[in-house]
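Each residue of the sequence shown is one higher than the one before, starting from 31 at the first, in this note's numbering.
Below you'll find the structure, written out as structure tokens, and then a few comments.
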Amino acid sequence: MVYRDNKFIRIELDQDNKIALVKSKSFINDKEYQRSWYALADLLLEHQINKLLINDQDTKVVSLKSVEWLMQNILPKLLASMNNLTAALVPPEDIFYQVSIQNLQGQIDNHPNLSDKIKVKWFEQPDEALVWLKSS
Numbered sequence: 031m032v033y034r035d036n037k038f039i040r041i042e043l044d045q046d047n048k049i050a051l052v053k054s055k056s057f058i059n060d061k062e063y064q065r066s067w068y069a070l071a072d073l074l075l076e077h078q079i080n081k082l083l084i085n086d087q088d089t090k091v092v093s094l095k096s097v098e099w100l101m102q103n104i105l106p107k108l109l110a111s112m113n114n115l116t117a118a119l120v121p122p123e124d125i126f127y128q129v130s131i132q133n134l135q136g137q138i139d140n141h142p143n144l145s146d147k148i149k150v151k152w153f154e155q156p157d158e159a160l161v162w163l164k165s166s
């Protein structure tokens, strides 16, 4: 089921495996990043999904402003309503993106209320990530 599809991102639900699938299509600005995460959070909560595959192979850097916004607004909202979140991430080769996501991972790992509720694993290919999520 396709939940959101525009020039920036595609969000869909694999109902059989209860996994949300996110495919970034290009650089995403802060405003669209926030809209997309609100839509994704609604999907996760509405369908009680706690597994997420984020395929960002076709995107570029995520701004520090967006990372901080995600940490302050979306992750606490999600985790207040679910026990845990398991995410598989397929990053692009872009070094700036990897630095911004490593910053997010560091914030999660060091946050007292998030570190034990969010599990993130990085993959080179979406197929590998999906296999891992299905077995988690």
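The C-beta atom is built at its ideal place from N, Cα and C for all residues, glycine as well.
Keep in mind that this is a model prediction, so the values were computed, not measured.
CA-to-CA distance, residue j to residue i, given in whole angstroms
| i | j | result |
| --- | --- | --- |
| S165 | L70 | 22 Å |
| V32 | I41 | 6 Å |
| V52 | Q87 | 11 Å |
| N140 | Q132 | 12 Å |
| W67 | P156 | 20 Å |
| D60 | V92 | 8 Å |
| F153 | P106 | 25 Å |
| K37 | E98 | 24 Å |
Simplified DSSP assignment, three categories, for residue i
| i | result |
| --- | --- |
| K81 | strand |
| I39 | strand |
| S56 | coil |
| K151 | strand |
| D146 | coil |
| V120 | strand |
| D44 | strand |
| D86 | coil |
| V161 | helix |
| S93 | coil |
| S66 | helix |
Whether residue i touches residue j by CB criterion (8 Å)
| i | j | result |
| --- | --- | --- |
| L108 | L160 | no |
| V43 | L73 | Residue identity differs from the one stated: residue 43 is Leu in this sequence, not Val. For L43 and L73, yes; Cβs fall inside 8 Å. |
| K48 | K81 | yes |
| P122 | K90 | yes |
| K167 | L100 | No information on residue 167 is available, as it lies outside the stretch 31 to 166 that the chain covers here. |
| A50 | I79 | yes |
| N103 | S54 | no |
Status (buried if at least 16 other CB within 10 Å, exposed otherwise) for residue i
| i | result |
| --- | --- |
| N113 | exposed |
| A118 | buried |
| S56 | exposed |
For residue i: DSSP bridge partner residues
| i | result |
| --- | --- |
| R34 | I41 |
| I49 | D44 |
| L115 | I148 |
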